[in-house]
Amino acid sequence: MDWSKCIVCQAETGKNFSCPAKSKRKDTGAGYETFIANIRLFEEAGCEDLPEWIKSAVKDAETLAINEGKWHSTCYSRFSRTKADRLAERKRKRESDAFDKTFTRVNSSNSNDPRGVTESTASTPGMFRGNMCFLCHEKGGRLHQVQTLELDRRLRDCVQDLQDQQLIAELNTSSDLVAREAKYHAKCLTALYNRHRDSEKARASDTSMSSASLALAELIAFMEESNVEDRSTVFRLADLSKLYEARVNQLRGQFPLQARAHSTHLKKRLLQNVPGLVAFNQGREVYLSYDEEVALTLKRQYNEEEDTESITMARLANSIRNDMFATSVSFTGQFDHETQIQSVPQRLLVLINMIINGPNIKDQAEPPNITQPVLTVAQLLMGNAYKQRRKTKRTPYPDICKEQTDATVHLCRDEGAFIDS
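Counting along the sequence shown from 1, when you hit position 152 you're at 152 in the UniProt record's numbering, and nothing is skipped either side.
Written out as structure tokens, the structure is:
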């Protein structure tokens, strides 16, 4: 190979060459790695148009970099990733068609059915037979054919999230939908997407209310701590709304709806739940502060009602215990951070997180939110909790032990020895 010429066409024309080795980019030579990766894809797809000098001389990206390989832009585009994917798709389709034809019974004279029966038809999953929608298994109507791998991937993701066992089984018994020439009704595909979207919304709504309540509790804890540290603390409602909004969105995790905190509603909830908190306006701003006389009166009243706190703790413990016994997770072969979080109830994690890290909204919002000590304590509680108290009988010492002890003491007393207690 003449490295002074284009490595693809080996022709020296008036066109400008492109040489990754002389590129001013920081990752010099990255173009060679991309070119080699594309060539490998073409070889795997059975491309017969690869020049012999490329097969023999171009071994890896390092060889190209040492010899400062270059090419014409038009020659390089012949071996792009898009064309490699299309060639691989055509190869899969040919192999699929060849597989079906292999099992076709050509000689129908030996069959009891004069029309002949093909084994390919008998072995092909029902959803791929003829002009039939693979979602509803019905014929008729306007059918569309799956023509892109992106649609195939999205369909499989939706079915997996919905845990539709029938569709999962049928999709797993076949190759990609493009090669199988699967067909569908537009309304059936839309219905599947709507089911998937409703499922995501349902999972998001499950965490929405608890996230809002938890964020409010942490915000109140932050205000109470600030009030203990400084009696003259005045809170700006706009600042509290930003803290509350950020914490709610963080708690929703993988279902971020970007909730907007309504300042007036938040102010009402704070006034209802925080004793001695009063609101006053100054211009366009709203400020919240503690009325010390009201707060001290309510504090004395709360000190006299310890029974209420004990009952509240008992109810909370019983509620979390019910969540613990209702949680059942099977081991999937890995125990990463997300798996540990899913193996314990959310409310148990929240309670332990508040005990270890404090209920302050600023402390809770700092990443990482759920630390390993929190997960370890939660798993320890899950492993040692039981529904009913184990009744263990105390096993008395055998009589022989008592006799031996009495005999030893008697012997020492007769000999006049002292016994250290």
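We treat Cβ as the ideally placed atom computed from N, Cα and C, and that holds for glycine.
No experiment lies behind these values; they were computed from the predicted model shown.
Under DSSP, the beta-bridge partners assigned to K183 are C133 and Q145. The C-beta separation of L149 from Y184 comes to about 15 Å, leaving the pair out of contact by the 8 Å criterion.
Beta-carbon to beta-carbon, A21 and G29 are separated by about 6 Å, close enough to satisfy the 8 Å threshold. In this structure, the alpha-carbon of A279 lies about 40 Å from that of V344. Between L171 and R156, the C-beta spacing is below 9 Å.
Scanning its chain for C-beta atoms nearer than 7 Å, with the 5 sequence neighbours on each side dropped, one finds around L87 the residues F42, A45 and C47, in chain order. As DSSP reads the structure, F235 sits in a beta bridge with L288. Membership of F42 in any beta strand (DSSP E) is not indicated; the residue belongs instead to the alpha helix (DSSP H) covering A30 to E44.
With fewer than 16 neighbouring CB atoms inside 10 Å of its own CB, D239 falls in the exposed class.
Residue A217 holds the alpha-carbon nearest to the alpha-carbon of R247 among S199, T233 and A217. For V278, the secondary structure class from DSSP, reduced to helix, strand or coil, is strand. In the three-state reduction of the DSSP assignment, K201 falls in the helix class, which pools H, G and I.
At the C-beta level, I320 and A215 stay beyond 9 Å of one another.
Within the same chain, L237, A279, V286 and L288 come within 8 Å of K267 by CB-CB distance, once the 5 residues on both sides are set aside. For S211, the secondary structure class from DSSP, reduced to helix, strand or coil, is helix. With 16 or more other Cβ atoms from the protein chains shown falling within 10 Å of its own Cβ, N353 counts as buried. K24 sits in coil when the DSSP states are folded into three classes, being neither helix nor strand. Shown here for D336: not one same chain residue has a beta carbon closer than 6 Å to its own, the five before and five after excluded. Taking every protein chain shown into account, the CB of P359 has 16 or more other CB atoms within 10 angstroms, so this residue is buried.
In this structure, S211 sits near L251, with a CB-CB distance shorter than 9 Å.
DSSP places W3 in the coil class of the three-state scheme, outside both helix and strand. Taking 8 Å as the upper bound for CB-CB distance, N273 and I311 are not in contact here, some 19 Å apart. Here the alpha carbons of N281 and F325 stand approximately 49 Å from one another. Inter-residue distance for M1 and L162 is about 55 Å (C-alpha atoms, whole angstroms).
Taking I356 as the centre and dropping the five residues before and after it, the same chain places the C-beta of T371, P373, V374 and V377 closer than 8 Å to its C-beta, in chain order. Of the candidates M132, S199, A11 and D27, S199 places its Cα closest to the Cα of V159. The alpha-carbon of Q147 is positioned some 8 Å away from that of E181.
If you draw a straight line from the Cα of N16 to the Cα of E68, it is about 15 Å long. Judged by their CB atoms, L192 and L135 are nearer to each other than the 9 Å cut-off. Assigned with DSSP and collapsed to three states, S241 falls in helix.
Rounded to the nearest angstrom, the Cβ distance from V8 to R78 is 7 Å, consistent with a contact under 8 Å. Annotated as proximal: W71 and F35, with beta-carbon spacing under 9 Å. Burial check for L277: the Cβ neighbour count within 10 Å reaches 16 or more, so the residue is buried.
For K139, the beta-bridge partners assigned by DSSP are M132. When secondary structure is reduced to three states using DSSP, S226 falls in the helix class. Taking C-alpha positions only, V329 is separated from A314 by approximately 26 Å.
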